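**Student:** Below you'll find the structure I mean.
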Amino acid sequence: MLYFASAPDALKERDGIVDYFVLKQHAIATYLQLVVGCDRILYDAEWWGTREPPIDLVGTKGTDLAIVVDIAEKFSSYPKGMRLPTLKRKLIQRFVAAHERLRSWGFQKIQGEVWFLGAAREALELVLPSVAQILWRERQMPINIVLSAEAQQRIAQATEKVRQLGRDVGNPFAQSILLASGMLETPPRIAEALPPQFPLELPDPYAIPTFVEAFLTSGYLVDWLGFDLEGFYELWDLARQQRSSAWSDLFALLDPLGNPYPDERAFFGTPSLPPSTMWAVTPKFSSEQVVSILRWVINNAARAVQAWRERWRQPLVLEIGFLLPYLSRNPHFPPEVIEAEIARYGGDRDLARLHFQLPRPDKHFYRGYLRLVLQGPYDATLPVPRLSVAEVSLRSPFLPRGTMASLSVLYPPEFAGYFWLTFQAIAQAIRPKVLRLKSPQNPSQRLEP
21 MLYFASAPDA LKERDGIVDY FVLKQHAIAT YLQLVVGCDR ILYDAEWWGT
71 REPPIDLVGT KGTDLAIVVD IAEKFSSYPK GMRLPTLKRK LIQRFVAAHE
121 RLRSWGFQKI QGEVWFLGAA REALELVLPS VAQILWRERQ MPINIVLSAE
171 AQQRIAQATE KVRQLGRDVG NPFAQSILLA SGMLETPPRI AEALPPQFPL
221 ELPDPYAIPT FVEAFLTSGY LVDWLGFDLE GFYELWDLAR QQRSSAWSDL
271 FALLDPLGNP YPDERAFFGT PSLPPSTMWA VTPKFSSEQV VSILRWVINN
321 AARAVQAWRE RWRQPLVLEI GFLLPYLSRN PHFPPEVIEA EIARYGGDRD
371 LARLHFQLPR PDKHFYRGYL RLVLQGPYDA TLPVPRLSVA EVSLRSPFLP
421 RGTMASLSVL YPPEFAGYFW LTFQAIAQAI RPKVLRLKSP QNPSQRLEP
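Here this note's numbering is used: position 439 in the sequence shown is 459, and no number is missing along the way.
Here you go:
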């Protein structure tokens with residue numbers, strides 16, 4: 021996955037001092053975007069298969085041209101005593117790795133640039149010409165050495181272009197020019213309020229299993245791992261102890277998923293440990309298993325709520341855990357759209373940029389839950405979840421014997437924009453299936469022909 025980001029919202033600081041290397045990055049990015057005409061900019065590409073410092077910028081123009089840019093002073097991190105042949109070999113390997121990766125992404129014309137902004141190591145100036153010759157001879161990849169005088173002229177061109185356009189292009193370097201010119205009062209960043217409701221309405225609780233099945237199998241979630249079901253242990257424990265035929269049906273659904281006892285039906289006492297401590301490994305559920313369990317719970321809501329209340333003194337809560345694809349592996353949305361949506365709802369652009377470059381980030385940012393709550397008229401109110409919540413509207417939330425159902429989607433606020441992009445896409449994909457559902461208050465909920 022190739023990540024193209026717009027610039028972060030603010031310059032990085034270190035001990036209260038602006039990081040001028042980052043400022044130089046933004047200045048070059050402004051030149052690539054406004055003067056060269058690159059439509060996308062990649063910052064700090066650091067997954068090129070080497071242990072080298074990240075490539076500072078990659079600009080692309082359409083689907084054909086890619087420009088790889090390094091700032092010369094970055095190579096001061098190399099050991100001072102490095103021999104010239106070693107430095108030459110490392111630079112060649114660095115640009116060859118970038119060239120091969122960009123070719124694999126479909127770019128045909130790839131060129132490199134090394135910008136000298138300020139003093140750089142003398143050794144770098146000595147070896148770069150021969151590096152450029154070898155790369156052109158072996159890879160037809162031109163390397164342009166941009167010395168300080170030419171670099172200053174290019175930045176002056178970018179500055180003039182910003183003034184001519186007179187609009188904020190989302191780059192801190194351009195923003196500073198507009199502020200100094202009086203064309204911009206403040207770099208606006210106003211986070212929008214999160215939508216309170218999922219963009220789809222259901223007729224009644226009997227439509228919930230169909231909705232959940234369509235949601236989990238929509239193709240926008242990571243489904244090959246299976247799904248978590250918070251509340252499985254409690255349901256299993258109730259089904260194990262209850263002796264009616266209805267509970268036997270639920271036990272038959274849960275029994276193949278793995279049990280801690282060799283003969284559960286012969287064990288009717290209350291275990292000394294909570295049900296959740298009986299499994300060494302948390303079971304995973306397929307979408308079919310989740311839907312079967314939900315359909316039983318909805319069709320036997322009054323029975324399930326009463327047993328749950330008698331045992332645990334609270335409403336029945338089931339949470340189906342799901343994962344979105346990592347940003348670095350997302351196949352559905354353009355990276356710049358994801359970043360813009362994350363920032364739109366108050367997310368951190370720098371955090372999003374980091375996740376686009378991490379092959380295995382923290383799953384917390386990608387884990388959401390479908391939360392089903394069944395409660396009677398006198399049950400206590402549940403505490404507010406720590407995650408952000410979007411309610412799935414039910415035109416009629418009532419079930420037999422005064423039981424009420426509610427369904428919501430929980431998601432982490434850090435990547436709310438990414439989740440809402442996915443929710444909108446899922447809602448659009450499954451809307452025809454949901455609209456075919458029959459009217460409310462139909463216990464034998466089925467699809468219309």
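By construction, the Cβ of each residue, glycine as well, lies at the ideal position given by its N, Cα and C atoms. These numbers were taken from a predicted model, which means no experiment stands behind them.
Is the beta carbon of Gly138 less than 9 Å from the beta carbon of Glu170?
**Tutor:** If you number the sequence shown from 1, residue 138 lands on position 118. If you number the sequence shown from 1, residue 170 lands on position 150. No, Cβ-Cβ distance for Gly138 and Glu170 is not below 9 Å.
**Student:** For Pro420, count neighbouring Cβ atoms within 10 angstroms of its own Cβ and tell me buried if that reaches 16, exposed if not.
**Tutor:** Position 400 of the sequence shown holds residue 420. The C-beta of Pro420 has fewer than 16 other C-beta atoms within 10 Å across all chains shown, which makes the residue exposed.
**Student:** What three-state label does DSSP hand Lys453 in the structure shown?
**Tutor:** On the sequence shown, residue 453 is found 433 positions in, with the first residue counted as 1. In this structure, Lys453 counts as helix in the three-state DSSP scheme.
**Student:** Under the DSSP definition of a beta bridge, which residues are partnered with Lys81?
**Tutor:** Position 61 of the sequence shown, counted from the start, is the residue given in the question as residue 81. Leu85.
**Student:** Entirely within the region 385–463 and at least 3 residues each: give me those beta strand (DSSP E) ranges in chain order.
**Tutor:** 387–395, 408–414, 424–431
**Student:** Report back the beta-carbon spacing between Asp90 and Lys129 to the nearest angstrom; my notes put them in contact at under 8 Å.
**Tutor:** Along the sequence shown, read from residue 1 onward, the residue named residue 90 stands at position 70. Along the sequence shown, read from residue 1 onward, the residue named residue 129 stands at position 109. Going by Cβ atoms, the distance from Asp90 to Lys129 rounds to 18 Å, so no, they are not a contact pair.
**Student:** What's the call for Leu457, buried or exposed, on a 16-neighbour Cβ count within 10 Å?
**Tutor:** Along the sequence shown, one-based indexing puts residue 457 at 437. Classification for Leu457: buried.
**Student:** At a cut-off of 8 Å, would you count Leu255 as near the ligand NAD, judging by its Cβ distance to the nearest heavy atom?
**Tutor:** Ligands displayed in this structure: none; no statement on the ligand NAD is therefore possible.
**Student:** Measuring CA to CA, which of Tyr51, Asp269, Lys453 is closest to Val166?
**Tutor:** In the sequence shown, residue 166 corresponds to position 146, counting from 1. Measuring from the Cα of Val166, the nearest candidate turns out to be Tyr51.
**Student:** Which first and last residues belong to the alpha helix (DSSP H) in which Tyr253 is found?
**Tutor:** Translated into positions along the sequence shown, residue 253 becomes position 233. Unbroken alpha helix (DSSP H) run through Tyr253: 252–261.
**Student:** Quick one: measure Cβ to Cβ for Thr80 and Arg60, integer angstroms, because I've assumed they're closer than 8 Å.
**Tutor:** Walking along the sequence shown from the start, residue 80 turns up at place 60. Walking along the sequence shown from the start, residue 60 turns up at place 40. Going by Cβ atoms, the distance from Thr80 to Arg60 rounds to 5 Å, so yes, they are a contact pair.
**Student:** Whole angstroms are fine: how far does the CA of Ile446 sit from the CA of Val242?
**Tutor:** Against the sequence shown, residue 242 aligns to sequence position 222. Against the sequence shown, residue 446 aligns to sequence position 426. In a straight line, the C-alpha of Val242 is about 13 Å away from that of Ile446.
**Student:** Answer with buried or exposed for Glu4, where buried requires no fewer than 16 other C-beta atoms within 10 angstroms of its C-beta.
**Tutor:** The chain is shown from 21 up to 469; residue 4 falls before or after that span and cannot be answered.
**Student:** Sorted by chain position, which residues of the same chain lie with C-beta nearer than 8 Å to Leu185's C-beta, five sequence neighbours on each side aside?
**Tutor:** Counting from one through the sequence shown, the residue named residue 185 turns up at place 165. Apart from sequence neighbours up to five positions away, the residues of its chain that approach Leu185 with a beta-carbon distance below 8 Å are Leu54, ordered along the chain.
**Student:** Applying the 10 Å Cβ sphere with the 16-neighbour rule, what's the burial state of Arg369?
**Tutor:** Counting from 1 along the sequence shown, the entry for residue 369 is found at position 349. The residue is buried, with at least 16 neighbouring Cβ atoms inside 10 Å.
**Student:** Counting only the same chain and skipping the five closest in sequence on each side, list residues whose C-beta sits under 6 Å from that of Ala322.
**Tutor:** If you number the sequence shown from 1, residue 322 lands on position 302. Correct list, in chain order: Pro420, Arg421, Thr423.
**Student:** Between the C-alpha atoms of Ser416 and Glu221, what's the straight-line distance to the nearest angstrom?
**Tutor:** As a first step, residue 416 must be located in the sequence shown, where it is residue number 396. As a first step, residue 221 must be located in the sequence shown, where it is residue number 201. Roughly 10 Å separates the two Cα atoms.
**Student:** Using the three-state DSSP reduction, which class does Val134 fall into: helix, strand or coil?
**Tutor:** In the sequence shown, residue 134 corresponds to position 114, counting from 1. The answer is strand: DSSP assigns Val134 an E or B state.
**Student:** Given that a residue counts as buried once 16 or more other Cβ atoms are within 10 Å of its Cβ, and exposed if not, what is Asn319?
**Tutor:** Locating residue 319 in the sequence shown gives position 299, where the first residue counts as 1. Asn319 comes out buried.
**Student:** Taking the alpha-carbon of Tyr398 as reference, which of Glu361, Arg329, Glu180 has the nearest alpha-carbon?
**Tutor:** Your numbering for residue 398 matches position 378 in the sequence shown. Out of Glu361, Arg329, Glu180, Arg329 has the C-alpha closest to the C-alpha of Tyr398.
**Student:** Short of 8 Å in beta carbon distance, which residues of its chain neighbour Gly251, apart from the five on each side in sequence? Order them along the chain.
**Tutor:** The count along the sequence shown starts at 1 and reaches residue 251 at position 231. Only Leu336, Val337, Leu338, Glu339 meet the Cβ criterion.
**Student:** Check the DSSP bridge columns for Leu338 and list the partner residues they point to.
**Tutor:** Taking the sequence shown and counting its residues from 1, one reaches residue 338 at position 318. Answer by DSSP bridge pairing, in chain order: Leu392.
**Student:** With DSSP as the reference, label Asn319 as helix, strand or coil.
**Tutor:** Here the question's residue 319 lines up with position 299 in the sequence shown. Note: Asn319 maps to helix in three-state DSSP.
**Student:** Under 8 Å: do the region 349–368 and the region 433–447 share three or more Cβ pairs, one atom per stretch?
**Tutor:** yes
**Student:** Helix, strand or coil for Phe127? Go by DSSP, reduced to three states.
**Tutor:** Locating residue 127 in the sequence shown gives position 107, where the first residue counts as 1. Note: Phe127 maps to coil in three-state DSSP.
**Student:** Helix, strand or coil, according to DSSP, for Asp224 in the structure here?
**Tutor:** Residue 224 sits at position 204 when you count from the first residue of the sequence shown. In the structure shown, Asp224 sits in coil (DSSP, three-state: anything other than H, G, I, E or B).
**Student:** Just to confirm the assignment, what range does the beta strand (DSSP E) spanning Val166 have?
**Tutor:** Here residue 166 is taken as the residue at index 146 of the sequence shown, counted from 1. Val166 -> beta strand (DSSP E) spans 163–166.
**Student:** Is Ala272 helix, strand or coil when you go by DSSP?
**Tutor:** The residue you call residue 272 lines up with position 252 of the sequence shown. Three-state result, Ala272: helix.
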